[in-house]
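Per the working numbering, residue 3 is the first one in the sequence shown, and the count goes up by one each step.
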Amino acid sequence: MGNELTLAEVCDEIVDCVNRTAPEDLDGEYFAVGTPAMRGNVVNLSEARTITKETFVKWTRRLVPEPGDLLLAREAPVGPVIRIPEGGRYAAGQRTTHLRANPNVVHPRYLYYLLISPAVQLRIQAGAMGSTVPHLRVADVKSLRLPALPPLPTQHAIAEVLGAFDDKIAANEQVVIAGEDLMRSLVAVVATSVPVRELATHVTKSVDPTDFDKVVHFSLPAYDSEQDPVIEPGAAIKSNKFLIEQPCVLFSKLNPRFPRIWDVGNLPDLPPVASTEFIVLVPRSVSRSALWAALAQPEVSTTLVSYAVGTSGSHQRIRPAELLELAIRDVRDLPSSSRSLLDSAGSQVDATRRQSRALADARDELLPLLLSGRVSIGDLENVAASSIRS
Numbered sequence: 003m004g005n006e007l008t009l010a011e012v013c014d015e016i017v018d019c020v021n022r023t024a025p026e027d028l029d030g031e032y033f034a035v036g037t038p039a040m041r042g043n044v045v046n047l048s049e050a051r052t053i054t055k056e057t058f059v060k061w062t063r064r065l066v067p068e069p070g071d072l073l074l075a076r077e078a079p080v081g082p083v084i085r086i087p088e089g090g091r092y093a094a095g096q097r098t099t100h101l102r103a104n105p106n107v108v109h110p111r112y113l114y115y116l117l118i119s120p121a122v123q124l125r126i127q128a129g130a131m132g133s134t135v136p137h138l139r140v141a142d143v144k145s146l147r148l149p150a151l152p153p154l155p156t157q158h159a160i161a162e163v164l165g166a167f168d169d170k171i172a173a174n175e176q177v178v179i180a181g182e183d184l185m186r187s188l189v190a191v192v193a194t195s196v197p198v199r200e201l202a203t204h205v206t207k208s209v210d211p212t213d214f215d216k217v218v219h220f221s222l223p224a225y226d227s228e229q230d231p232v233i234e235p236g237a238a239i240k241s242n243k244f245l246i247e248q249p250c251v252l253f254s255k256l257n258p259r260f261p262r263i264w265d266v267g268n269l270p271d272l273p274p275v276a277s278t279e280f281i282v283l284v285p286r287s288v289s290r291s292a293l294w295a296a297l298a299q300p301e302v303s304t305t306l307v308s309y310a311v312g313t314s315g316s317h318q319r320i321r322p323a324e325l326l327e328l329a330i331r332d333v334r335d336l337p338s339s340s341r342s343l344l345d346s347a348g349s350q351v352d353a354t355r356r357q358s359r360a361l362a363d364a365r366d367e368l369l370p371l372l373l374s375g376r377v378s379i380g381d382l383e384n385v386a387a388s389s390i391r392s
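As structure tokens, then:
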């Protein structure tokens, strides 16, 4: 390995965002990806601002994003990094910096993994300024020192191995999408409807998380991060949460244009709690998967958007009473064969998500070992192949 280099020395382009909020258009087909939409180092479209093509052109006039480019969040919060997806519809939102790697110096995907690694994240956090809201200046981003880079062939091999985990996770996401589409289509044929309250009980039992040593937190950020609840110290959560005592469906009150509907099946050993931004629904006389599929019908979101209150699309909320009275398809009228297929699809979706979490955990464990040199490329390839086959 050579000497440490700055981010400016390994990038062809480092371009700051337009330093104002992109005008939102609820019918826009493009997205301004700001820091709230970058949690977990993935693009969360439910937190991105939908914009018009005209706004997209204005917001990308200094540098048009290409697939594989990076966005680095430099404020609120500092540190998340995402790769620009395919599709040509994503612009740098407020408080982000657009990075394009110099492929003659650093493999673009290797740079992504390097920036999200614990060692570099510590450097990023150490460079953040501000007593109230920590932030990075663009000059701080450019001067960020990176650990010495291995030769390009080694970078490529490392990126390939770690990328195999993310590629499998992406393939799993397509399985999830197909499974959920099947579940929705099975319910879409039902002609009868009933209020939500006939198919589900609204549970509002709350607890103080500080009463527990640790809890499993079903939060909005956790939903946006591959529906992966987070184990947190109870003392770190400063407000009451809903206690989840039995399998249920969580329905987000926030921003119904991008519905967050969480099918919570097997409960963890630690106390599970849900954000009060969710409505907790326990199914009555129907399965969780059937209830989820009824709530996930497009007309549910469309109707709730018309009910929502708030100053902007991303801050609109629905009221629990409105959801409970909303008419949804009566899944009790499905034939038994359809109900069985629906439940099987729901189980497959859940199993696929659990596999993706395991793959993500394995990838994250490898990152520090990889960057420290304690694990060789051959070791990584063997571990990756074994994990992905399982």
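Backbone N, C-alpha and C define an ideal beta-carbon position, used for all residues, glycine too.
Fair warning: this is a prediction, and the values are worked out from it, not measured in the lab.
Which class does D366 belong to by DSSP, given the choice of helix, strand or coil? helix
Three or more C-beta pairs under 8 angstroms: does that hold for the stretch 20-40 against the stretch 238-245? no
Short check: CB of P370 to CB of P152, under 7 angstroms? no
Is it buried or exposed for P110, if we count other Cβ within 10 angstroms and need 16 for buried? buried
Less than 6 angstroms between C-beta atoms, sequence neighbours within five positions excluded: which residues of the same chain meet that for A237? T212
What does the alpha-carbon distance come out to for the pair V218 and G267? 14 angstroms
List, from N- to C-terminal side, the alpha helix (DSSP H) runs of 4 residues or more that fit wholly inside the stretch 265-328. 290-297, 300-309, 322-327
Do you know how far the Cα of Y114 is from the Cα of E279? 32 angstroms
Do A130 and V80 come within 7 angstroms of each other at the CB atom, strictly closer than that value? yes
Using 10 angstroms around the beta-carbon of V333, count the other beta-carbons present and answer buried if the total reaches 16, otherwise exposed. buried
Three-state secondary structure (DSSP) of I233: strand
Under 8 angstroms by Cβ, that's how I've got H204 and L368 pegged, so tell me the actual separation to the nearest angstrom. Rounded, the Cβ-Cβ distance is 43 angstroms, inconsistent with contact.
Sub-7 angstroms separation of G89 and Q350 beta-carbons: no
Where in the stretch 9-38 do unbroken runs of the alpha helix (DSSP H), each at least 4 residues long, occur, reported from the N-terminal end onward? 9-12
Return the CA-CA distance between T313 and R319, expressed in angstroms with no decimal places. Confidence at T313 is low in this model, with a pLDDT of 49, below 50, so its placement is unreliable and the value that follows should be read with caution. Taking the straight line from one Cα to the other gives about 10 angstroms.
Identify which residue in V107, G42, S339, V192 has its Cα closest to the Cα of Q157. V107
Under a CB-based cut-off of 7 angstroms, is S208 close to chain B? Considering every chain present, this structure includes no chain B. It has just one protein chain.
Nearest-angstrom beta carbon gap, F220 and P231 [assumed within contact, 8 angstroms]: 5 angstroms
If you drop the 5 nearest sequence neighbours on each side, which residues of the same chain put their C-beta closer than 8 angstroms to that of R359? E228, D230
Please classify P149: does DSSP put it in a helix, a strand, or coil? coil
Measure from the alpha carbon of P223 to the alpha carbon of each residue in S374, S254, S338, D183, then state which is nearest. S254
Determine the closest residue to M40 out of K55, I53, A94, with distance taken between C-alpha atoms. A94
Could you check the C-alpha separation between L2 and L101 for me, to the nearest Å? It is not possible to answer for residue 2, since the shown part of the chain is limited to 3 through 392.
Could you tell me the alpha carbon to alpha carbon distance between L9 and T98, rounded to whole angstroms? 15 angstroms
Where in the stretch 43-100 do unbroken runs of the alpha helix (DSSP H), each at least 4 residues long, occur, reported from the N-terminal end onward? 55-61
On a Cα-Cα basis, can you pick out the residue from A150, I126, P149, T134 that is closest to V140? I126
For a quick check, are the C-beta atoms of I330 and W294 less than 7 angstroms apart? no
Contact check, A276 vs I246 under 8 angstroms by CB: the rounded distance? 6 angstroms
Cβ-Cβ distance between A202 and R76 below 7 angstroms: no
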